[in-house]
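Heads up: the protein sequence lines correspond to chains Z and U, in order.
Mapping of the first sequence onto our numbering: residues 7 to 239, in sequence order.
Mapping of the second sequence onto our numbering: residues 155 to 430, in sequence order.
Heads up: the structure comes next, in structure tokens.
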Amino acid sequence: MESKILETVEYTRVDGGARKAAERIIKETALTVNIGGKHYVTAMLLAGMEREFIFGHLLTQGIIQNVRDIRSLTIRNNVAEVALIGSGKKPLINRKISSKLKVKANDILNCVKTILKSEVFTETEATHSAGLFLHGSEAVCIAEDLGQHNALEKLIGHGLLHKVDFSQTVAASSGRQLAEIIVKCRNANIPIIAAKGAPTTLAVEIAEKAGVTIVGQVRGKNMTVYSHPERIG
Amino acid sequence: MASLKTSRKIDGWKLSDGRLSPAKTGVVIEQEFPIYVNGKLLITASITPTLLKEFALGYLFGQGFINGLDEVASLEILNDTAQVTLKDKRKTLADIAKTSYRIVSGGGRSAYPGEVSLPEIKSDLVVSKRIIYSAMNQLFRNALLYQETEGVHAAGLFNTRASPLCIVEDIGRHNTLDKIIGYTLLHKIDCSRTYLVSTGRLASEMITKICRCGIPIAATKTAVTDKGLETGKKCGATIIGFVRTIGSKINTDTAVKIVTKNSMKIYCGAARIRST
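As structure tokens, this is what we get:
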């Protein structure tokens, strides 16, 4: 059966000598999103969870605040038509995280460990994965994509559609923490982001102000907390 | 003059023996960098603040907004913004009106003009596989910012003697490529005699930029996507993935493997690589 996310290709393997071989590599799918009939964005995605991606993306961009802001969403042949209720673009609220969540350091290690056990990654070494964990222990959703932003937005969309209380969640990611990732967590009111990679200075500055806890370089038994350590007990 | 600092020590907390203890840690600098074309804001990029001119030029060329340096009347860096004036102002404004926005497979939102066609790569360059391994090793030896912060990608452009023409580290793999492209434009480098090595995945937009520049060979430490490969084949480029050199470290899941044998996978254009 043809896979939506993997494609078999031939290549030349070079080590001692050179020989022909075949393997499966990752597929990019272009998803076009129209809002009110007008082109809004075209995203290069790993196929799957398109609906979640759109909800998550529109929330993190401040276009919607909850599911009710979308009148309809249809996806046909990788073209999504979104109809919004009201005028559409709402001003982005520069929110501060409101959450009393506290989680154990050990739970953070486990969250990141859990999302790194991906079959697609093991085969292709080309994807990012992200997970949403209620109270830092119960996996609500795990998503994969070519990009860590897309994987995070799929998670947030899933949470939105399933009425997850984001203030009680930890987002885990295989990637690095750039400023935009922190802004997306803040906009969704996710208090803790834990990742295999490291953050940037701008990401830490934004997290300090917004009240987001950044845990980076989570590997094996190690991690570094870069902001708001009071949430890690 | 823009700051060339690329990292900063910040106060963090490290987990050891189940306890969080205060520890200084090096973090890569990320800075917003708006690019204005003919006085109008085109895009605000997020970059590590080095090679600002190169980045602005390379971005405009790589995305297809300009076809060469000769279309640029002036380029100034003012208060950490790029101010680009093009010779043909009317043409630019029309192009910008047609700008569409895409989320590239890395995840960032980027601007593209309506339609950009890609040229076929004209190069009879043939290199030994040893030269590719050597370039990858040099890239890692020079990746000092990565060693300090673990938060960056690296890319390098090399000549046929495996000497680096330009090595760049940045928070974004696209940014590293844009800076290299800008460097080749400013220094009038004949890209048909060069090859590129990178730490990032070669997805469609990466290969599109490489082909637009006329670089015949691109090699990465990691993976290639189907659309990237499709574009590379169409343009006649050589696309190499999973370049692994003896002694290099590979992060798989949570473990770290040390490579014991040189290897690479050539996905297309294998005739440009000699296996001796």
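Virtual Cβ for every residue (Gly too), placed ideally from N, Cα, C.
Using 8 Å as the limit for Cβ to Cβ distance, is P205(Z) near chain U? Residue mapping note: residue 205(Z) aligns to position 199 of the first sequence, counting from 1. P205(Z) counts as touching chain U.
Any idea if S157(U) is buried or exposed, counting beta-carbon neighbours within 10 angstroms, 16 or more meaning buried? Position 3 of the second sequence, counted from the start, is the residue given in the question as residue 157(U). Reliability of the predicted coordinates at S157(U) is poor, the pLDDT of 45 falling under 50, and the value obtained from them is presented with this limitation in mind. When all chains shown are included, S157(U) counts as exposed.
Under a CB-based cut-off of 8 Å, is V182(U) close to chain Z? Working through the second sequence from its first residue, we reach residue 182(U) at position 28. It does; some Cβ of chain Z falls within 8 Å.
Only counting the same chain, and skipping five residues up and downstream in sequence, which positions put a Cβ closer than 8 Å to that of T434(U)? The structure shown does not extend to residue 434(U), since chain U is modelled only from 155 to 430, so the question has no answer here.
Continuous alpha helix (DSSP H) stretch holding N40(Z): start and end: As a working mapping, residue 40(Z) is identified with position 34 in the first sequence. Unbroken run through N40(Z) is the beta strand (DSSP E), 35–41; no alpha helix (DSSP H).
Contacting positions in the stretch 227–239 of chain Z - beta carbon closer than 8 Å to chain U: K227, N228, M229, T230, V231, Y232, P235, I238
What is the rounded straight-line gap between the Cα of V39(Z) and the Cα of L158(Z)? The sequence position of residue 39(Z) within the first sequence is 33, counting from 1. The sequence position of residue 158(Z) within the first sequence is 152, counting from 1. Going by the C-alpha atoms only, they are around 18 Å apart.
Grab me the residues of K403(U)'s own chain with a C-beta within less than 8 Å of its C-beta, minus the 5 sequence neighbours each way, in chain order. As a first step, residue 403(U) must be located in the second sequence, where it is residue number 249. Counting only Cβ-Cβ distances below 8 Å, and skipping sequence neighbours, we find V410, K411, I412, V413.
Less than 8 Å between the C-beta atoms of L152(Z) and E29(Z), yes or no? As a working mapping, residue 152(Z) is identified with position 146 in the first sequence. As a working mapping, residue 29(Z) is identified with position 23 in the first sequence. No, Cβ-Cβ distance for L152(Z) and E29(Z) is not below 8 Å.
Cross-chain neighbours of D21(Z) in chain U, by beta carbon under 7 Å: Taking the first sequence and counting its residues from 1, the one referred to as residue 21(Z) is at position 15. Within 7 Å Cβ-Cβ: K415, N416, S417.
Can you list, in chain order, the residues of its chain whose CB lies under 6 Å from that of A177(U), leaving out five sequence neighbours each side? Residue mapping note: residue 177(U) aligns to position 23 of the second sequence, counting from 1. Excluding positions up to five away in sequence, the list reads G166, K168.
Measuring only the C-alpha atoms, how far is A425(U) from V280(U)? Within the second sequence, the letter at position 271 stands for residue 425(U). Within the second sequence, the letter at position 126 stands for residue 280(U). Using only the alpha carbons, I get a separation of about 7 Å.
For a quick check, are the C-beta atoms of I220(Z) and I238(Z) less than 8 Å apart? As a working mapping, residue 220(Z) is identified with position 214 in the first sequence. As a working mapping, residue 238(Z) is identified with position 232 in the first sequence. Cβ atoms of I220(Z) and I238(Z): not closer than 8 Å.
Can you tell me where the beta strand (DSSP E) with G137(Z) in it begins and where it stops? In the first sequence, the residue the question calls residue 137(Z) occupies position 131. Here the beta strand (DSSP E) through G137(Z) covers 134–140.
Chain-ordered residues of the stretch 355–368 of chain U with a beta carbon less than 8 Å from chain Z: R355, A357, S358, E359
Is there at least one Cβ from chain U nearer than 8 Å to K33(Z)'s Cβ? Looking up residue 33(Z) in the first sequence gives position 27. So yes, K33(Z) belongs to the interface.
If you reduce the DSSP assignment to three classes, tell me which class K243(U) lands in. Walking along the second sequence from the start, residue 243(U) turns up at place 89. Three-state DSSP puts K243(U) in a helix.
I want to verify the contact list: residues of chain Z whose CB lies under 7 Å from the CB of V378(U), in sequence order. Numbered from its first residue, the second sequence carries residue 378(U) at position 224. Result: I31.
Could you check how far apart the C-beta atoms of F127(Z) and T133(Z) are, in whole angstroms? I think they sit under 8 Å. The residue given as residue 127(Z) occupies position 121 in the first sequence. The residue given as residue 133(Z) occupies position 127 in the first sequence. Right, their Cβ atoms sit about 5 Å apart.
Can you give me the Cβ contacts of N134(U) inside the same chain, cut-off strictly under 7 Å, excluding the 5 residues immediately before and after it? Beyond the ends of chain U as shown, which are 155 and 430, falls residue 134(U); an answer cannot be given.
Amino acids of chain Z, ordered along the chain, whose beta-carbon sits closer than 9 Å to that of E304(U): One-based indexing of the second sequence puts residue 304(U) at position 150. Within chain Z, the residues near E304(U) are R182, G203, A204, G222, Q223.
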